[in-house]
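Residue numbers (this note's numbering), protein chains in the order written: chain C, 6 to 115; chain B, 2 to 900.
A quick write-up on the structure given underneath.
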């Protein structure tokens with residue numbers, strides 16, 4: 006697991022982390038996907054959500070826990086995710102970098 | 002349906018990593034329940050299956066591409082990029098491998114090109130004719146109407162005018178209904194006026210016709226309702242082609258006049274270029290029936306189309322028509338008992354029995370494709386064994402089985418793509434060849450003008466190629482990557498014959514090829530036998546050296562019956578003395594020149610109810626007709642010049658009529674009335690039966706009437722359109738044509754004459770579709786046979802090579818050549834026997850769909866099955882002759898030394 010560098014955060018991974026942050030305590034795969042769809046208008050495949058969550062956990066950006074099983078899920082548990090401090094750092098870094106790069110460019114695009 | 006969930010889960014769970022399985026299943030369940038509440042169970046189920054499949058594929062791919070743990074690379078987009086890279090590598094590697102074995106590659110591509118090419122060509126025909134929408138807006142709402150007479154097994158017969166007008170008035174299911182006349186192939190107008198006289202094909206329709214099929218004129222106006230009134234009907238719409246050819250696309254042509262057969266018509270419009278109708282009319286004119294013809298209920302000569310009103314289903318319309326038909330049967334029992342209106346989609350009316358034929362040919366071609374697949378699969382299997390070393394090395398350095406299968410499948414797809422490309426080329430060549438041999442009957446099929454390789458056909462070819470690649474690639478790829486196979490192949494290198502599984506697979510494929518071939522061979526030979534039976538059916542007259550020419554006497558100058566008689570007399574007289582002419586006759590309905598009308602028959606003093614409909618085809622003939630056609634007179638006398646207006650009206654019936662209506666008595670001397678209550682004629686003779694609508698159609702009851710006596714039941718002027726038949730002597734048929742034209746022109750230069758043709762050609766055209774059918778299916782069967790023989794040869798020579806050592810040992814231990822031969826033959830023989838057995842069973846089931854195409858032979862004819870099985874076995878024997886003779890010539894010492 007060599008990749009601890011922030012720059013290895015892909016665009017989609019970035020979105021997933023932000024969605025988890027927005028959702029707070031209620032962050033499992035279904036609402037994460039909904040949140041991304043709601044904010045970006047992108048309809049993401051379920052498979053890529055699961056794979057990305059799994060990968061971000063392996064990379065050490067997320068930690069997850071299994072909640073108690075509920076009947077409306079056929080007695081199956083939810084896997085909730087939350088950000089580790091590294092992820093918050095990485096997001097901050099990337100935001101800082103992006104904001105700095107954007108500075109002065111607003112007029113160029115309008 | 003709650004219980005879908007566990008099933009889906011069971012199917013897909015194994016693709017999902019264990020620690021994710023429970024939360025993912027829970028998520029799916031949760032969304033599935035919400036979906037059910039929102040969209041209903043059916044859609045939710047579909048959603049569930051689709052999502053689960055996608056998830057499974059995603060994880061499957063992720064694992065195949067990266068394995069777990071998942072590598073720390075960028076996002077999914079990059080993942081796709083790496084997939085493409087892998088694919089490109091596989092393709093490049095596959096191409097390299099194939100180029101290294103040019104022999105194998107060429108054979109595989111050739112076999113596939115044959116299969117895919119033939120499939121593509123036939124698909125393009127079937128697609129154009131059966132599946133593409135007709136060139137009319139909302140064509141599915143346009144119905145073809147016909148009169149059904151179940152007692153005569155006619156389901157879509159022509160309609161009597163009075164019936165048509167009643168249906169039109171009383172039905173509520175159609176926004177518009179229009180009638181048109183059935184035109185026999187030789188019926189055409191003579192266009193005179195500026196420029197050379199030209200024959201044009203007319204389509205006579207009642208005014209709303211274009212509205213029914215949804216066509217509006219490109220120029221000028223459509224017909225109006227009053228255009229169907231006699232006296233106002235001399236208006237015409239030109240086809241785009243005629244307008245360009247004859248009038249130089251002059252837009253001011255509307256309002257001008259043209260003359261057809263000496264009658265003047267006003268041009269009211271020009272049809273759009275895309276207008277299409279099976280008979281390819283050059284001009285469309287109103288069908289105007291006079292008051293007498295409008296009341297005809299026993300004469301059937303109209304066809305009709307109707308556009309369904311919005312919201313009316315074909316079933317409703319049929320019911321609506323059924324009620325009208327039932328009322329008409331009650332009101333007019335004499336003419337309409339057991340008649341009923343019927344309707345079907347317009348395409349069915351256009352395509353008719355060609356549909357079965359096309360589908361059988363498509364089935365045949367699909368078999369060829371399957372055989373080609375099996376063939377390539379056996380080749381790949383043999384090659385897989387040879388590549389075992391490569392597989393072992395790749396496995397040793399860490400390639401997963403999935404990775405190996407992927408690589409091999411890519412190679413298969415490369416072969417399939419190459420075969421597909423060659424196949425498309427082959428298809429486009431064979432389509433241009435096919436276009437030139439299509440029989441005349443096919444000219445009226447929808448889409449047949451635009452046969453070719455277009456996007457749809459190309460898409461089909463691509464799909465067929467891909468599916469083919471999967472079919473022939475998957476088993477060999479699985480077998481080759483099988484580690485268990487690897488173990489047994491280590492043994493093989495010591496002289497075995499491959500694992501039992503691989504060997505069974507190979508034999509299974511060859512058995513499949515053999516049985517598919519036999520099905521094709523049987524189908525083809527049934528068609529050949531049918532065709533042979535058909536051409537040997539005597540038509541009831543002697544067609545050779547008969548020359549025919551259709552004549553249309555203009556109604557204006559030939560209104561009197563006597564003038565028509567005088568015309569035909571004069572022409573016959575002029576021709577009789579001409580060199581090369583033996584005899585001359587004329588008839589209103591010539592055999593093999595389209596359907597002829599049928600009228601009710603009343604037999605004098607017969608009161609008993611007939612168990613079947615009493616009808617005859619009335620045929621007006623000249624005095625010399627029977628002698629000219631050489632139709633034998635079975636009893637009584639023929640017509641003579643005294644059977645004229647003023648003397649006793651007479652008739653000659655055919656044997657079919659005598660058998661059916663006078664089974665136990667002598668018809669001669671009895672009186673009949675045809676299509677009328679009391680138009681009595683005395684039967685003076687019985688003529689032999691003639692085939693009329695086709696060699697495969699039994700003779701219907703017919704009554705011949707002398708041309709010199711008036712007959713009005715089929716409308717005024719029925720006798721004015723007749724066909725001259727001339728028996729030429731020796732091989733003078735070709736030189737007779739100009740004589741006929743001169744003779745007619747000498748009698749009346751303004752009488753148009755149709756194409757002069759030979760009777761043999763007419764009969765030839767009537768069987769041309771069957772000829773094409775059996776030629777195509779036989780060609781495919783031949784290809785199948787060659788492919789199968791090649792497959793069998795390949796497998797047997799492979800087996801012999803593999804068993805060289807074993808054979809060597811056996812011979813060293815004292816086995817004779819005969820015993821070695823028996824060993825090899827036992828193997829091939831059991832495959833052949835099994836293939837033949839399965840093939841016979843398959844053919845028995847599948848040829849049942851061909852019964853309507855067979856003639857004089859049963860679909861289960863034992864002789865056909867036996868001879869084809871023997872043929873297949875003989876070819877199989879030939880295919881294994883070389884490898885087995887090689888087996889007997891194995892030198893024991895050399896074989897042992899080699900190992």
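Virtual Cβ for every residue (Gly too), placed ideally from N, Cα, C.
For residue 63 of chain C, which of C:105, C:79, C:92, C:113 has the nearest alpha-carbon? If we check each option's Cα against that of residue 63 of chain C, C:92 comes out closest.
Residue of B:265, B:371, B:233, B:273 minimising C-alpha distance to residue 244 of chain B: For residue 244 of chain B, the closest C-alpha among the options B:265, B:371, B:233, B:273 is that of B:273.
Below 8 angstroms on the Cβ atoms is my contact criterion, and I expect residue 75 of chain C with residue 18 of chain C to pass it. Report the Cβ-Cβ distance as a whole number of Å. Contact between residue 75 of chain C and residue 18 of chain C is absent: CB atoms are separated by about 28 angstroms, not below the 8 angstroms threshold.
Taking C-alpha atoms, which residue in B:438, B:28, B:52, B:43 lies nearest to residue 12 of chain B? Answer by Cα proximity: B:52.
Compare the C-beta of residue 102 of chain C against all C-beta atoms of chain B and say whether one is closer than 8 angstroms. For residue 102 of chain C, the answer is no, since every Cβ of chain B falls outside 8 angstroms of its Cβ.
Between the CA atoms of residue 82 of chain C and residue 70 of chain B - distance to the nearest angstrom: Annotation note: pLDDT 44 at residue 70 of chain B (below 50); position unreliable, coordinate value reported separately. The straight-line gap separating the alpha-carbon atoms of residue 70 of chain B and residue 82 of chain C is approximately 23 angstroms.
Residue-level contact to chain B via CB, residue 87 of chain C, 8 angstroms cutoff: At a cut-off of 8 angstroms, the C-beta of residue 87 of chain C has no neighbouring C-beta in chain B.
State yes or no: is the C-beta of residue 345 of chain B within less than 8 angstroms of the C-beta of residue 60 of chain B? Taking 8 angstroms as the Cβ cut-off, residue 345 of chain B and residue 60 of chain B do not qualify as a contacting pair.
DSSP-derived helix/strand/coil call for residue 333 of chain B: In this structure, residue 333 of chain B counts as coil in the three-state DSSP scheme.
Bridge partners - residue 584 of chain B, DSSP secondary structure assignment: According to DSSP, which records beta bridges pairwise, residue 584 of chain B is partnered with B:728.
Stretch-stretch touch, CB-based, cutoff 8 angstroms, three pairs: the segment 695-714 of chain B with the segment 545-554 of chain B: Short answer: they don't touch.
Interface partners of residue 37 of chain C on chain B, CB under 8 angstroms: Contacts between residue 37 of chain C and chain B, judged by CB atoms closer than 8 angstroms, are missing: the closest CB pair is about 10 angstroms apart.
Residue 64 of chain C, DSSP secondary structure in three states: It is coil, neither helix nor strand.
Closer than 7 angstroms, Cβ to any Cβ of chain B: which residues of the segment 42-61 of chain C, in chain order? The segment 42-61 of chain C vs chain B, Cβ under 7 angstroms: 50, 51, 52, 53, 55, 56, 59, 60.
Please list, in chain order, the chain B residues whose beta carbon lies closer than 8 angstroms to that of residue 81 of chain C. Under a criterion of Cβ atoms nearer than 8 angstroms, the residues of chain B adjacent to residue 81 of chain C are, in order, 23, 24, 26, 27, 30.
Close beta carbons around residue 877 of chain B, own chain, < 6 angstroms, minus the five adjacent residues each side: The residues are 793, 833.
Would you call the CB atoms of residue 716 of chain B and residue 293 of chain B closer than 8 angstroms? Contact: yes.
Separation of residue 147 of chain B from residue 343 of chain B, as counted between CA atoms: The C-alpha of residue 147 of chain B is placed about 5 angstroms away from the C-alpha of residue 343 of chain B.
Please specify which runs of the alpha helix (DSSP H), each continuous and at least 4 residues long, are wholly inside the segment 279-338 of chain B, giving them in chain order. Runs found: 292-295, 315-332, 334-337.
Just to confirm the assignment, what range does the beta strand (DSSP E) spanning residue 149 of chain B have? Counting along the chain, the beta strand (DSSP E) containing residue 149 of chain B begins and ends at 143-150.
Could you check how far apart the C-beta atoms of residue 131 of chain B and residue 467 of chain B are, in whole angstroms? I think they sit under 8 angstroms. No, residue 131 of chain B and residue 467 of chain B are not in contact; Cβ-Cβ is about 23 angstroms, not under 8 angstroms.
DSSP state of residue 104 of chain C mapped onto helix, strand, coil: Here residue 104 of chain C sits in helix by DSSP.
Are the segment 171-181 of chain B and the segment 375-386 of chain B in contact at 8 angstroms, needing three or more beta carbon pairs? The segment 171-181 of chain B vs the segment 375-386 of chain B: no contact.
Check each candidate in B:863, B:206, B:259, B:28 and name the one with the smallest Cα separation from residue 192 of chain B. The shortest C-alpha separation from residue 192 of chain B is found at B:259.
Backbone CA spacing between residue 741 of chain B and residue 419 of chain B [nearest angstrom]: The straight-line gap from Cα to Cα measures roughly 58 angstroms.
Supposed close pair residue 519 of chain B, residue 869 of chain B - CB separation, criterion 8 angstroms: With a contact defined as Cβ atoms closer than 8 angstroms, residue 519 of chain B and residue 869 of chain B qualify at about 6 angstroms.
Exposure label - residue 394 of chain B; buried when at least 16 CB within 10 Å: With fewer than 16 Cβ atoms within 10 Å of its Cβ, residue 394 of chain B is classed as exposed.
Using alpha carbons as the reference points, say which of B:509, B:231, B:678, B:283 lies closest to residue 1 of chain B. Only positions 2 to 900 of chain B appear in the structure, and residue 1 of chain B is not among them; the question remains open.
Own chain, CB closer than 8 angstroms to residue 445 of chain B, minus 5 neighbours either side, in chain order: 279, 280, 281, 351.
Specify whether the segment 569-584 of chain B and the segment 774-783 of chain B touch according to this definition: at least 3 beta carbon pairs, one from each stretch, less than 8 angstroms apart. Contact fails: fewer than three Cβ-Cβ distances are below 8 angstroms.
Between which two residues does the alpha helix (DSSP H) containing residue 33 of chain C stretch? Boundaries cannot be given for residue 33 of chain C, as no alpha helix (DSSP H) includes it and DSSP labels it neither H nor E.
What residues from chain B crowd round residue 40 of chain C, counting only those whose CB sits closer than 8 angstroms? Contacts between residue 40 of chain C and chain B, judged by CB atoms closer than 8 angstroms, are missing: the closest CB pair is about 14 angstroms apart.
Taking 8 angstroms as the threshold (beta carbon to beta carbon), is residue 91 of chain C in contact with chain B? Chain B contact via Cβ: absent.
Determine the closest residue to residue 475 of chain B out of B:462, B:417, B:449, with distance taken between C-alpha atoms. Taking the Cα of residue 475 of chain B as reference, the smallest distance to any Cα among B:462, B:417, B:449 is reached at B:417.
Check whether the Cβ of residue 789 of chain B lies closer than 8 angstroms to any Cβ atom in chain C. So, not an interface residue.
Closer than 7 angstroms by C-beta to residue 103 of chain C: which residues in its own chain qualify, once you throw out the five before and the five after it? Chain order, please. For residue 103 of chain C, where only same-chain residues beyond five positions count, there are no Cβ hits under 7 angstroms.
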